[in-house]
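Below is one structure, written out as structure tokens; comments come after it.
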Amino acid sequence: MSIFEKKAVEEAAKKEEDEEVEEEKTFAELGVSQPLCDACERLGWAKPSKIQMAALPHALQGKDVIGLAETGSGKTGAFAIPVLQSLLDHPQAFFCLVLTPTRELAFQIGQQFEALGSGIGLIAAVIVGGVDMAAQAMALARRPHVIVATPGRLVDHLENTKGFNLKALKFLIMDEADRILNMDFEVELDKILKVIPRERRTYLFSATMTKKVSKLERASLRDPVRVSISTRYKTVDNLKQHYIFIPNKYKETYLVYLLNEHAGNSAIVFCSTCALTMQIAIMLRQLGMQAVPLHGQMSQEKRLGSLNKFKSKAREILVCTDVAARGLDIPHVDMVINYDMPSQSKDYVHRVGRTARAGRSGLAITVVTQYDVEETNAFVFRKKLEEYKCVENEVMVLVERTQEAMENAKIEMKEMDEKRKSGKKRRNNDDFGDTEESSGRFKMGIKSMGGKGGKRK
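The opening residue of the sequence shown carries number 1 in the UniProt record's numbering; numbering runs sequentially from there.
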């Protein structure tokens with residue numbers, strides 16, 4: 001071993017020792033005030049997460065921070081705690097703005113702020129699309145301390161809501177910054193940055209450091225401290241990853257087989273389109289499975305309804321588009337099924353990252369058909385996915401019923417579409433977003449399918 005290699009090994013070992021020492025620190029030892037330490041204790045945060053230990057000392061010293069961390073790492077606490085601690089010392093309205101790429105993430109962050117600030121009288125407002133502008137204007141008239149918003153809707157209020165401005169803003173936080181930029185919010189970001197004070201503290205959090213994020217960092221942060229706990233496009237060791245190669249005509253049958261094989265486990269099924277998401281959710285419900293959809297054409301109320309049913313374990317299966325692949329912190333997901341292939345490697349990582357969290361094990365299965373082979377071969381071998389073995393005769397037992405359920409789902413989808421076009425909105429189906437009431441007419445159940453079909457109750 002050369003002297004340079006030896007030095008590198010020693011430095012790595014020292015870094016690991018330092019990290020181990022840091023893990024023993026409490027919130028109080030990081031400089032968090034007692035009221036907020038009490039709030040953390042009420043939330044069950046026994047000790048700071050890695051991103052909190054890395055970011056809080058710098059943020060509490062008044063520095064700008066750029067953090068590279070995935071959802072579920074505790075990053076909301078990493079930026080919310082310094083904001084609330086500063087607010088305790090200098091209370092004022094419109095103190096902090098948090099920008100997020102999606103509505104669901106905005107509500108999730110808003111809930112975290114309210115939970116942390118419940119003991120100090122915090123007022124927070126969530127400003128997102130899909131909600132009445134007038135109701136939001138009334139919320140802004142209450143002069144909240146913290147605003148959590150999607151960029152587009154915030155710009156709508158800055159331009160149209162009388163008396164609303166952010167001239168006194170003290171904190172700007174951009175969460176999931178890479179995704180904000182990927183969703184083409186750059187014009188809105190420019191407008192927001194032009195109307196808020198230059199003298200402010202800025203935190204930027206992102207899962208990945210892209211060129212666009214680097215450009216945004218240079219434009220909006222001053223001498224930031226960079227902290228990182230994420231690994232670029234990698235999956236965790238406790239995640240079992242498989243692929244299954246099947247004929248396209250039996251795709252829904254294999255999906256039902258996989259879900260039935262793992263009955264009793266919570267599962268997220270990823271589809272490529274909103275229509276297919278809805279169709280699969282209806283099909284599964286007709287077969288007696290507890291499935292709810294989540295996609296971009298649902299109203300905000302029903303998106304949150306589906307999400308809450310899944311998070312509370314009232315429903316076992318969430319069928320969704322990539323709207324749920326990033327940003328949402330959904331605990332206790334046992335399995336992810338890629339019913340449709342992800343388009344990029346990083347999308348695969350974000351999808352399967354919904355499971356195997358917080359040290360728990362998880363299973364990810366990617367469905368591959370003959371139409372996916374050309375684009376999939378390199379992907380499958382690069383990820384070193386193992387083939388998932390199925391008992392073919394048990395799958396074939398399910399064909400007739402699953403195909404019938406799929407046809408019935410298509411009929412219901414067509415009826416729903418016709419009712420929307422005619423203006424006769426069906427109860428609970430008015431926004432292409434509910435399967436709870438829609439699948440009773442054809443409901444057939446899976447118990448009578450034979451084989452292992454009776455597994456899922």
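Note that beta-carbon positions come from the ideal geometry of N, C-alpha and C, so glycine has one too. These numbers come from a predicted model, not from an experiment.
Hey, could you find the ends of the beta strand (DSSP E) residue i is sitting in?
i	result
Y203	201–206
A219	Not the beta strand (DSSP E): A219 falls in the alpha helix (DSSP H), residues 211–220.
I180	Premise fails: I180 lies in the alpha helix (DSSP H), 177–182, not in any beta strand (DSSP E).
V368	362–368
L287	L287 -> no beta strand (DSSP E), and no H or E assigned at all.
F171	171–174
A267	267–270
Just mark residue i as buried or exposed, buried being the case when its beta carbon has 16 or more other beta carbons within 10 Å.
i	result
Q411	Per the sequence shown, the amino acid found at residue 411 is Ile instead of Gln. With fewer than 16 Cβ atoms within 10 Å of its Cβ, I411 is classed as exposed.
E70	buried
G362	buried
H295	buried
S206	buried
H90	exposed
G62	exposed
K170	buried
L318	buried
Apart from the five residues just before and just after residue i, which ones in its own chain have a Cβ nearer than 6 Å to its Cβ?
i	result
K110	Residue identity differs from the one stated: residue 110 is Gly in this sequence, not Lys. For G110, where only same-chain residues beyond five positions count, the Cβ hits under 6 Å are A124, V126, V148.
E316	S266, Q290
A356	V236, N238, L239, G362
F113	A80, A124, V146
Y203	V65, F79, I173
Can you tell me whether DSSP reads residue i as helix, strand or coil?
i	result
I280	helix
N238	coil
S422	helix
M341	coil
P293	strand
A46	coil
E386	strand
L318	strand
Y348	helix
I411	helix
V323	helix
A405	helix
V336	strand
A356	coil
I330	coil
V21	With a pLDDT of only 39 at V21, under 50, the local geometry of the prediction cannot be trusted, and the value read off the model is given with reservation. Three-state result, V21: helix.
V399	helix
I246	coil
If you drop the 5 nearest sequence neighbours on each side, which residues of the same chain put their C-beta closer than 7 Å to that of residue i?
i	result
residue 498	An answer regarding residue 498 cannot be provided, because it is not within the stretch 1 to 457 covered by the chain.
K25	P48, M53
A106	T100, V126, V128, V148, A149, T150
K167	P197
K258	It is Leu, not Lys, that sits at residue 258 in the sequence shown. Here the set comprises I337, I365.
Note the first and the last residue of the continuous alpha helix (DSSP H) segment covering residue i.
i	result
F310	300–311
V395	392–396
V187	186–195
R226	Unbroken run through R226 is the beta strand (DSSP E), 225–228; no alpha helix (DSSP H).
V256	251–261
Between residue i and the rest of its own chain, which residues show a CB-CB distance below 8 Å, the 5 nearest in sequence each way excluded?
i	result
L154	L97, L99, I127, I147, E188, I192
I51	G67, A69, S73, G74, K75, A78, V227, I229
K311	I330, P331
H145	L87, P91, Q92, A93, F94, F95, C96, G117, L122, I123, A124
L30	P48, Q52, M53, L56, P57, L60
R142	I123, A125
Check your understanding: Could you give the uninterrupted runs of the beta strand (DSSP E) lying entirely in the region 126–168, keeping only those of 3 residues or more?
Key -> Fully enclosed beta strand (DSSP E) runs of no fewer than 3 residues occupy 146–149 of the region 126–168, in order along the chain.
Point to revise | Inside the region 69–130 only - alpha helix (DSSP H) runs reaching at least 4 residues | key: 75–89, 103–116
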